[in-house]
Amino acid sequence: MDDNNNIEPVIEPERPKPKLKCVLKFASPMSVSMIENFGDIYIRGALCALGIGLSQVFMGGVLIIIVIYGRHFKDDHARFCSFGYHFFVVEAILSLSYINGWATPLRTRHRRLAHVVLQVCGFVCAAYGIVQVTIREGVSKTVHGLSGAILAVLTVLSFVVGPFILKNVHRAHTLHIVFGIPTLLMSGICVCYGLLKPEFTDWAGLDLVRILIGFVMFYCILIAVTTIMKCLKRI
1 MDDNNNIEPV IEPERPKPKL KCVLKFASPM SVSMIENFGD IYIRGALCAL GIGLSQVFMG
61 GVLIIIVIYG RHFKDDHARF CSFGYHFFVV EAILSLSYIN GWATPLRTRH RRLAHVVLQV
121 CGFVCAAYGI VQVTIREGVS KTVHGLSGAI LAVLTVLSFV VGPFILKNVH RAHTLHIVFG
181 IPTLLMSGIC VCYGLLKPEF TDWAGLDLVR ILIGFVMFYC ILIAVTTIMK CLKRI
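The numbers in the UniProt record's numbering rise by one with no breaks, and the one at position 211 of the sequence shown is 211.
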């Protein structure tokens, strides 16, 4: 009895934690794929965030110059149309992206609400700018004027289809994108031809105009491509 009472308990040594390679060895193929793809997803997200950040900076630079020009020459058309399309409309598209800084903490329904509000503000500003230039100069037959007319038609089509998305009408979301992306690209073309008008190039200088056109092309193409890629992933 005394010998049994004196037996000391055996303490097992701590087992070392398995390394990641061991975990991957016994993990399912799906788990391994998720772990391996995590780095690629993070890199893509970081690059998209960088692109959106640069787009915001470039957009701000373009708008500041146009606002200064519009204030100097009392050109409401330039100011309101630029803000309508290259601030409100662009931000409306970016509001749906969780990578976009200010939209990140918002819930999906709140991002959609922000999208609607920004689109309405953009439509109102653009309509006011178009009415102002039509009253002052009439219908323009320049490339800037013709691209503006096409842009106005695309804007109306995109704006009309928008409310049907809220009612979950079949294919309304697809139609909104089909009209919305060309609207964005056409707004970029229109503003670029506006920047090339003699009165603006004489005031700003050709070098600055080229820089501004580069900025506009960068963020318009980037936003259009990323939006199209996002839509294709859902198919």
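Virtual Cβ for every residue (Gly too), placed ideally from N, Cα, C. Since the structure is predicted, the reported quantities are computational estimates derived from the model, not experimental observations.
Below 6 Å CB to CB, which residues in the same chain sit around residue i once its five sequence neighbours on both sides are set aside?
i      : result
Asp76  : Gln132
Gly148 : Cys190
Glu36  : The predicted model places Glu36 with a pLDDT of 48, which falls under 50 and marks its position as unreliable; any figure quoted below should be read in that light. Here the set comprises nothing.
Ala114 : Ser95
Ala78  : Ile66, Gly70
Just to check my reading of the structure: residue i and residue j have Cβ atoms closer than 8 Å, yes? What is that Cβ distance to the nearest angstrom?
i      : j      : result
Phe58  : Phe218 : 6 Å
Leu184 : Ile223 : 6 Å
Ile165 : Ala172 : 5 Å
Tyr85  : His144 : That pair is no contact at about 13 Å.
Ile150 : Met186 : 6 Å
Cys125 : Phe179 : Rounded, the Cβ-Cβ distance is 18 Å, inconsistent with contact.
Taking the alpha-carbon of residue i as reference, which of the options has the nearest alpha-carbon?
i      : options                        : result
Thr104 : Tyr85, Val139, Ile52           : Ile52
Tyr128 : Arg111, Ala152, Tyr42, Leu50   : Ala152
Lys230 : Tyr42, Cys48, Leu154           : Cys48
Pro163 : Ile41, Leu212, Val117          : Val117
Ile221 : Pro198, Ile93, Leu146, Lys74   : Ile93
Pro198 : Thr226, Arg107, Thr142, Asn168 : Thr142
Lys74  : Arg109, His110, Arg136         : Arg136
Gly214 : Arg107, Val90, Arg111, Ser55   : Ser55
For residue i, which residues from the same chain have a beta carbon less than 8 Å from its beta carbon, with the 5 sequence-adjacent residues on both sides left out?
i      : result
Phe159 : Gln119, Phe123
Leu63  : Ser82, Phe83, His86, Phe87
Ile99  : Gly45, Cys48, Ala49, Ile52
Leu232 : none
Spatial neighbours of residue i within its chain, please: CB distance less than 7 Å, with the 5 preceding and 5 following residues excluded, ordered by chain position.
i      : result
Val216 : Val62, Gly188, Val191, Cys192
Val161 : Ala172, Leu175, His176, Phe179
Ser140 : none
Leu157 : Phe179
Gly138 : none
inquiry  = Counting beta carbon pairs with one atom in the segment 66 to 75 and one in the segment 197 to 212, are three or more of them shorter than 8 Å?
reply    = yes
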